[in-house]
Each structure stands twice: as C-alpha cells, then as structure tokens.
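2 protein chains.
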Amino acid sequence: MNGAKIDVLRLGHRIERDKRLSTHVGLSSALFNVENWYYSGEHDEHLEESISSVAKRWGAPTKVVFLESPYKFIRHYSGTTVHLTMYGAPHKEVITELREENLNRVLIIVGGPKVPGHVYGDVDYNCAVGYFPHSEVSALAIFLYELLGDEIIYAKDPNAEMKLQGGEKGWGKKQKRRGLKSN
Amino acid sequence: MNGAKIDVLRLGHRIERDKRLSTHVGLSSALFNVENWYYSGEHDEHLEESISSVAKRWGAPTKVVFLESPYKFIRHYSGTTVHLTMYGAPHKEVITELREENLNRVLIIVGGPKVPGHVYGDVDYNCAVGYFPHSEVSALAIFLYELLGDEIIYAKDPNAEMKLQGGEKGWGKKQKRRGLKSN
Numbered sequence: 010m011n012g013a014k015i016d017v018l019r020l021g022h023r024i025e026r027d028k029r030l031s032t033h034v035g036l037s038s039a040l041f042n043v044e045n046w047y048y049s050g051e052h053d054e055h056l057e058e059s060i061s062s063v064a065k066r067w068g069a070p071t072k073v074v075f076l077e078s079p080y081k082f083i084r085h086y087s088g089t090t091v092h093l094t095m096y097g098a099p100h101k102e103v104i105t106e107l108r109e110e111n112l113n114r115v116l117i118i119v120g121g122p123k124v125p126g127h128v129y130g131d132v133d134y135n136c137a138v139g140y141f142p143h144s145e146v147s148a149l150a151i152f153l154y155e156l157l158g159d160e161i162i163y164a165k166d167p168n169a170e171m172k173l174q175g176g177e178k179g180w181g182k183k184q185k186r187r188g189l190k191s192n
Numbered sequence: 010m011n012g013a014k015i016d017v018l019r020l021g022h023r024i025e026r027d028k029r030l031s032t033h034v035g036l037s038s039a040l041f042n043v044e045n046w047y048y049s050g051e052h053d054e055h056l057e058e059s060i061s062s063v064a065k066r067w068g069a070p071t072k073v074v075f076l077e078s079p080y081k082f083i084r085h086y087s088g089t090t091v092h093l094t095m096y097g098a099p100h101k102e103v104i105t106e107l108r109e110e111n112l113n114r115v116l117i118i119v120g121g122p123k124v125p126g127h128v129y130g131d132v133d134y135n136c137a138v139g140y141f142p143h144s145e146v147s148a149l150a151i152f153l154y155e156l157l158g159d160e161i162i163y164a165k166d167p168n169a170e171m172k173l174q175g176g177e178k179g180w181g182k183k184q185k186r187r188g189l190k191s192n
C-alpha cells in the first residue's frame, strides 16, 4: 500500500480482562508502524503507557489514542474502514480491492468482546482472516503482513534507543554450522 | 512446505496470567492445522479443553499435549526445531533454509515468560519475526502464514460441525455496492 496511512482501532477494551491481549494488539500494530492506535471501552492509562513506551524506545511512530465514541468515529472516518471478523470476505480479496482504490488512509478495526451488529453495515469491508475463530492478535498481524509486507517489521527508526540485528543471544545448531557469528 | 508436519510448543504457561494468551497461541496454531500443540509450565485442563473443542467443532486436526519436560523434548525432537525470538535471524531467511532441507517435521517454539539461555543453543534455528518486541501470538501467526500460505486457513474439514463461507453477518458498504449477497 504505497503511502497510505494505516490506523488500527481496538474495540471494547476491558482493563482487567483484556490488559495483556490489548497490549499485544497494540504492539503488533506498532510492529507495522501504524500511525494511530485507537482503542475504546475502558480508559486505561497503564495500557497506553505500555504500548507508547515500547513504540518510542524501539523506534515505531505509533500514537495511542482513546476514543469515547468509537462507532461515531468509524462512521465519520475520512478513509476506508475494514473490520476484521471471521464472518467477512477472505482477506486477500479485500486487500486486492483496497489496492485498486487510491487510498490515503485505512482504519483496521478489531473486536472486542461483542461487536454490535450495526458495525457490520457501517464499515466499508468486513474481512475474514481464515474461516475459523482464533485471535484478534493473529488476524491483525496476518492482515497487516499481507497488506504491508515484511520489510517494515525489521526497518525501525535507526536512531531508536533500542535496536537489534539478530544473534544477540547466540545462534541455533544449524545456524552455527553455517558459520553465523553472534553479535 | 510440501507435506511436512508442523508442531508448535508454547513454553511456560501460567494458568492465571496466561490463560487467554495461551488460548490465542493454541487457536492460531489450529488455524494453520498444526498437528500437535504442545505446552509446558502449569498443567491446565481448561486451556486444553478450550483449544481442543474449538479445533474439533471447526474442523482443525490439532491435538493438545502437555509436556512435563519441554527442554528434553526439544533436544530429542526428531525433526527441525525453530525458536521464535526477536534475537533470531529474519524469518524469511530461516524459512528459505527450511525449504532447502527435506523436512518431515518442524517444531516451532514460542515463549514463555523467561526462556532459559540454553534453549538458544539447543534449537536448530533462532528466528525473529521483526526486530521489535510484540507478541508470541502475532510472531507465530506471521511465521506460519509465511511458511504455509493462506489457503489452509480457509480450507477446513468440510464435514466439521461449524463452518463459514463469508457474509453471515452482512457486508460492508463498499462490498454491498459491488453486489455481494449475504449468506
């Protein structure tokens, strides 16, 4: 997706029950350098701080923003909205259509315990990542990976405080045999 | 990976803290029809039941197996072992090497709160999915997706109790304009 800005919205966060999963959704978004990571449900400063501090130290530009009115936000979003749900169309079909549009901005939406029925009609696309109930974390990761490719997940800000180049904890047996040197 | 059997091992499960994340790791494995989903740490019948029952009803062949001695299991595994860690080599490089071997069986290992240092030397490959700390769920999902492709996540057992074909909850606005009919 050349030059399109990607945002992610995580619906219906619950502080106690979802804190780790929502953090994983947020960090998986930052992995792909999404611009804004929106969430709704319960306002959670700890969640915001966890995601923002990792993004900052590791060189991802992602900003975390809490939304009071996520459904209004979806309806008025100035871009294309894609809701990830196992009841959607196969993700490669949706991505082909996204590529045919001349997109400036895409909002990817993940639930959330109970996504209200109207959301299915409010968005531009309902998009499946497999016809199987699994995980909003892996659905989002696979979708972003198919949309954006693999380079972005290795190419973070070179001026970031934290960075890796592989091998920091040693290599495996077959890697050593190939002569990889540990960093 | 033509014909290779894929297993996944989730290290160090803790019942209280990890129940939802481990379930997501398990279901993301079942999404790709992995053969055995091993886990270690605390024995958790509820976790086993959650993953097994979804796999069964939705037509994935995945079996859930608890391991008392995961490190011994890794060392004696009769196949190639791949440990997903941000300190590894880029996943596409590792997958290229896996494809060059004539593999029957691959074990993909994900942590786990603290993976002991010896694991890095016991496995065949330490494999990164991005040089960025994110999520064992998305790391596994992206790795399996790159290794196995997208068809498998839509093609489940046609005789399964539960199945989908898309559109069960209606289509989005741009999908309706294209004339998609809801199922």
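Note that the protein sequences, when read in sequence, are chains A and B. Residues 10 to 192, numbered by our numbering, are exactly what the first sequence covers, in order. Residues 10 to 192, numbered by our numbering, are exactly what the second sequence covers, in order. For every residue, glycine included, the Cβ atom is placed at its ideal position computed from N, Cα and C. If you're wondering where the values come from, they're calculated on a predicted model, not measured in any experiment.
So residue 154(B) contacts chain A; which residues on that side make the cut at Cβ distance below 7 Å? Numbered from 1 along the second sequence, position 145 holds the residue referred to as residue 154(B). The contacting residues are 151, 154.
Out of 35(A), 26(A), 28(A), 65(A), state which residue places its alpha-carbon closest to the alpha-carbon of residue 167(A). Residue 167(A) sits at position 158 when you count from the first residue of the first sequence. Nearest to residue 167(A) by alpha-carbon distance, out of 35(A), 26(A), 28(A), 65(A), is 65(A).
What residues of chain B sit near residue 139(A), judged by a beta carbon separation below 7 Å? As a position in the first sequence, residue 139(A) is number 130, starting the count at 1. 40, 162, 163, listed in chain order.
DSSP on residue 62(B), reduced to helix/strand/coil? Here residue 62(B) is taken as the residue at index 53 of the second sequence, counted from 1. Helix.
Closest to residue 114(A) by C-alpha separation, out of 89(A), 126(A), 104(A), would be which residue? In the first sequence, counting from the first residue as 1, residue 114(A) sits at position 105. When each option's Cα is compared against that of residue 114(A), the closest is 89(A).
Would you call residue 165(A) buried or exposed, if buried means 16 or more other Cβ atoms sit within 10 Å of its Cβ? Within the first sequence, numbered from 1, the residue matching residue 165(A) stands at position 156. It counts as buried.
Extent of the continuous beta strand (DSSP E) to which residue 23(A) belongs: For the purposes of this step, residue 23(A) is taken as residue 14 along the first sequence, with counting starting at 1. Looking at the DSSP string, residue 23(A) is not in any beta strand (DSSP E), and its letter there is neither H nor E.
Host beta strand (DSSP E) of residue 143(A) (start-end): As a working note, residue 143(A) is residue 134 in the first sequence. Per DSSP, residue 143(A) belongs to no beta strand (DSSP E) and is neither H nor E.
Can you give, in chain order, each stretch of the beta strand (DSSP E) that sits fully within the region 101 to 125 of chain A and has at least 3 residues? Unbroken beta strand (DSSP E) stretches of 3 residues or longer found wholly inside the region 101 to 125 of chain A: 114 to 119, given in chain order.
Do the region 118 to 129 of chain A and the region 11 to 27 of chain B make contact, defined as three or more Cβ pairs closer than 8 Å? Under the Cβ criterion (8 Å, minimum of three pairs), the region 118 to 129 of chain A does not count as touching the region 11 to 27 of chain B.
Per-residue burial, residue 122(B) [other beta carbons within 10 Å of its own, 16 or more giving buried]: As a position in the second sequence, residue 122(B) is number 113, starting the count at 1. By the neighbour-count criterion, in which a residue is buried when 16 or more other Cβ atoms sit within 10 angstroms of its Cβ, residue 122(B) is exposed.
CB contact below 8 Å: residue 22(A) versus chain E: No chain E is present in this structure, whose protein chains are A and B.
Taking Cβ-Cβ distances below 7 Å as the criterion, which residues of the region 45 to 64 of chain A are in contact with chain B? Cβ contacts with chain B come from 63.
Reference residue 162(A); option with closest CA among 37(A), 30(A), 104(A), 55(A): For the purposes of this step, residue 162(A) is taken as the residue at position 153 of the first sequence. Closest option to residue 162(A), Cα to Cα, is 37(A).
Please determine if the region 71 to 91 of chain B and the region 133 to 152 of chain A are in contact, where contact requires at least 3 C-beta pairs separated by less than 8 Å. Taking 8 Å as the limit for Cβ pairs, the verdict is that the region 133 to 152 of chain A does not touch the region 71 to 91 of chain B.
Does any residue of chain B have a CB that is nearer than 8 Å to the CB of residue 132(A)? Position 123 of the first sequence, counted from the first residue, corresponds to residue 132(A). In terms of beta-carbon proximity, residue 132(A) lines the interface with chain B, with at least one pair separated by less than 8 Å.
Would residue 177(B) count as contacting chain A if we go by Cβ distances under 8 Å? On the second sequence, position 168 is the one that residue 177(B) refers to. True, the Cβ-Cβ gap to chain A drops below 8 Å.
Compare the C-alpha of residue 91(A) against each of 147(B), 180(B), 24(B), 187(B) and name the closest. The residue labelled residue 91(A) in the question sits at position 82 within the first sequence. Comparing Cα-Cα distances from residue 91(A) to each of 147(B), 180(B), 24(B), 187(B), the minimum goes to 180(B).
For residue 152(A) and residue 56(A), believed in contact at Cβ under 8 Å, the rounded distance: By one-based count along the first sequence, residue 56(A) stands at place 47. By one-based count along the first sequence, residue 152(A) stands at place 143. With a Cβ gap of about 21 Å, residue 56(A) and residue 152(A) do not count as contacting.
Neighbouring residues, chain A, relative to residue 168(B) (Cβ below 8 Å): Reading the second sequence from its first residue, position 159 is the one you call residue 168(B). Going along chain A, no residue has its Cβ under 8 Å from residue 168(B), so there is no contact; the nearest lies around 14 Å.
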